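Working notes, beginning with the structure itself.
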Amino acid sequence: MIRTGEQPANTFAPPGTPNFRFDGSGTLCRLGLIYIASSIVMDAEWAAMAAPGVSVHTTRIKLPKVTVEGIEEMMDSPELAQAARLVGSAPIDLLCFGGTSASFLHGTAYDHALIAKMKQWVPGPLINTASTATLAALRKVAAGKVALATPYVDAVHAKAIRFLEENGHPVVRHANLRIDEDRALAEVPLAQVYDLVRSVDHPEASAIFISCTNFRSVGAIEALEQALGKPVISAVQASFWHCLELLQIAGARPGYGQLFDGRIAAGA
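Just so we're aligned, residue 32 is where the sequence shown starts under this note's numbering, counting upward by one.
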């Protein structure tokens, strides 16, 4: 059940009431996240974007290597169902699978099948994935043709292009960094991400998509949109926005892209 938001502790408290501090409680919603064990970006960026009252509760799965074979090994492991059930045992309102390449690896039908399995494993909360959220975000900003920036190796990058194009988003320009170690993904400086995204911009691209949930992005989105004059969507940003959208909650802080129009928390 979605809870109504609460004022910060003691905002209107009578004299003599103890002075409690905000404690991060999920008074608006509690989001569950299945994330890669060696990754550090997505849960941190969700926390940065989350307004008071939105809490994030993470469980982890192992990714051997950021290659097609490594991703397949992770997705075929019994750890995935176990991770879903573990975080799903908490009173969460929505469960997100936070792996973009893992959910688009074998196309749209594969992503839909993953959601169906997650609903079986955890029947209570709403369910989404980074890939489903990405498509919803591109629809929200009325994207057609897009440009694509990723840190992936060529084989995974090619699958990202295929996923976008089979869902009605021709990729008019793209670039990738060919990184195959998960920890190295998070080490790319935000300034380099900014330059990479600017390099793929194209006059025919109605939006730009940054894929990978262990690749820093949200801190640069506002600056990129100002520089390029078009929507910039990242997998991390889209996943968080889609959680709020499914739950019909205004729970974001301002400054993370035009995607959040209508989902900014009052007074944030």
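Built from N, CA and C at the ideal position, the CB exists for glycine as well. Quick caveat: nothing in here was measured; it's all calculated off a predicted structure.
Contact check, G175 vs P201, beta carbons under 9 Å
yes
C-beta atoms of A78 and A167 nearer than 9 Å
no
Residue closest to T244, alpha-carbon to alpha-carbon, out of V172, G138, Y141 and A215
A215
How far does the beta strand (DSSP E) with C60 in it reach, from first residue to last?
C60 to I67
For Y183 and R91, what's the separation of their Cα atoms in angstroms?
21 Å
Across the stretch 115 to 127 and the stretch 62 to 79, are there enough close Cβ pairs to call them in contact, namely three or more that are closer than 8 Å?
yes
DSSP three-state label for T165, please.
helix
Would you list the one or two residues that DSSP bridges to N50?
None, per the DSSP bridge assignment.
Please classify R247 as buried or exposed, where buried requires at least 16 neighbouring CB atoms within 10 angstroms.
buried
Closest to N159 by C-alpha separation, out of D142, I102, K171 and R170, would be which residue?
D142
Going by the DSSP bridge assignment, what does T90 pair with across the sheet?
I65
Boundaries of the alpha helix (DSSP H) in which S230 is found, first to last residue
L221 to V231
The alpha helix (DSSP H) with I192 in it runs from where to where?
D185 to E197
Helix, strand or coil: how does DSSP classify R209 here?
coil
Look up R116 in the DSSP assignment and say whether it is helix, strand or coil.
helix
Is L169 close to chain D, meaning its C-beta is less than 9 Å from at least one C-beta of that chain?
Looking for chain D here will not work: only one protein chain is present.
Since F291 sits in a beta bridge, which residues does DSSP pair it with?
The partner list for F291 (beta bridge, DSSP) is empty, contrary to what the question assumes.
Look up F246 in the DSSP assignment and say whether it is helix, strand or coil.
coil
Enumerate in chain order the residues of its own chain whose CB-to-CB distance from P285 is below 7 Å, with the five nearest sequence positions on each side excluded.
I295 and A299
Alpha carbon of V151 to alpha carbon of D213, nearest angstrom:
In the sequence as presented, Val is not what sits at residue 151; that position holds Gln. So the two alpha carbons sit approximately 29 Å from each other.
With a threshold of 16 other CB atoms inside 10 Å of the CB of T163, please say whether the residue is buried or exposed.
buried
Based on Cα-Cα distance, which residue from G250, S86 and K96 lies nearest to S69?
K96
Assuming G282 contacts A81 (C-beta within less than 8 Å), just tell me the rounded distance between them.
6 Å
Backbone CA spacing between D211 and G47 [nearest angstrom]:
57 Å
What's the gap between the Cα of P39 and the Cα of F53?
Note that P39 has pLDDT 48, beneath the 50 cutoff, so the model's placement of it is unreliable and no number is given.
Return the residue from the list A206, I252 and A254 that minimises the CA-CA distance to H233.
A206
Reducing DSSP to helix, strand and coil, say where A144 ends up.
helix
Quick one: give me the first and last residue of the alpha helix (DSSP H) that S134 is part of.
T131 to F135
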